[in-house]
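Encoded as structure tokens, the structure appears first; notes follow it.
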Amino acid sequence: MYRSCCSCQAVQLEIDGSSLNDLDVETLSCSDDKSFILEAHREEIVIDCEPSVLGSMQSTPGVKQYFCNLCSTHLFSENPQGKIQLQVNFYGHDLLSEHHGQFHLP
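Residue numbers are given in our numbering: position 22 of the sequence shown equals residue 25, and the series is strictly consecutive.
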């Protein structure tokens with residue numbers, strides 16, 4: 004499982020990591036640039052926030068952008084096929100769970 008949040012932490016995201024097995028966290032933890040793009044299906048993401056906090060807009064035909072209405076952090080993009088893309092920064096593993104990575108939206 005992977006977790007992230009917006010800058011003000013009003014929007015919490017959890018992503019099921021079963022489809023992200025090819026993610027090379029060892030290389031990420033040793034590299035200078037810890038920013039990368041996670042891709043997941045809509046069914047694999049859980050969004051925890053008040054409904055009024057999550058905003059969205061159609062940026063290009065078929066692509067919807069989601070953001071936090073409080074701090075304006077861009078959260079993720081969704082294409083018409085339900086594929087979610089998040090640009091995140093890797094900050095290491097959660098020591099309490101061996102299958103848990105901590106990510107923050109830039």
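Virtual Cβ for every residue (Gly too), placed ideally from N, Cα, C.
Rounded to a whole number of angstroms, what is the C-alpha to C-alpha distance between residue i and residue j?
i, j, result
"residue 5", "residue 64", "29 Å"
"residue 52", "residue 69", "13 Å"
"residue 71", "residue 56", "6 Å"
"residue 109", "residue 91", "Residue confidence for residue 109 is low, a pLDDT of 45 falling below 50, so the modelled location carries little weight; the figure read from the coordinates is stated next. Near 6 Å, if we compare the C-alpha coordinates of residue 91 and residue 109."
"residue 62", "residue 85", "15 Å"
"residue 17", "residue 43", "11 Å"
"residue 14", "residue 59", "13 Å"
"residue 45", "residue 76", "19 Å"
Which same chain residues, not among the five before or five after residue i, have their C-beta less than 6 Å away from its C-beta?
i, result
"residue 54", "none"
"residue 81", "67 and 87"
"residue 11", "73 and 74"
Run the CB neighbour count on residue i, radius 10 Å, all protein chains shown included, and call it buried at 16 or more, exposed below.
i, result
"residue 7", "buried"
"residue 48", "buried"
"residue 40", "exposed"
With a cut-off of 8 Å on the beta carbons, I'd call residue i and residue j a contact; round off their distance for me.
i, j, result
"residue 9", "residue 89", "That belief does not hold up - the Cβ atoms of residue 9 and residue 89 are roughly 11 Å apart, past 8 Å."
Who are the Cβ neighbours of residue i in its own chain at under 7 Å, not counting the five residues just before and after it?
i, result
"residue 101", "Caution applies to residue 101, whose pLDDT of 49 falls short of 50 and renders its modelled position unreliable; the model cannot decide the point."
"residue 50", "14, 16 and 57"
"residue 83", "65"
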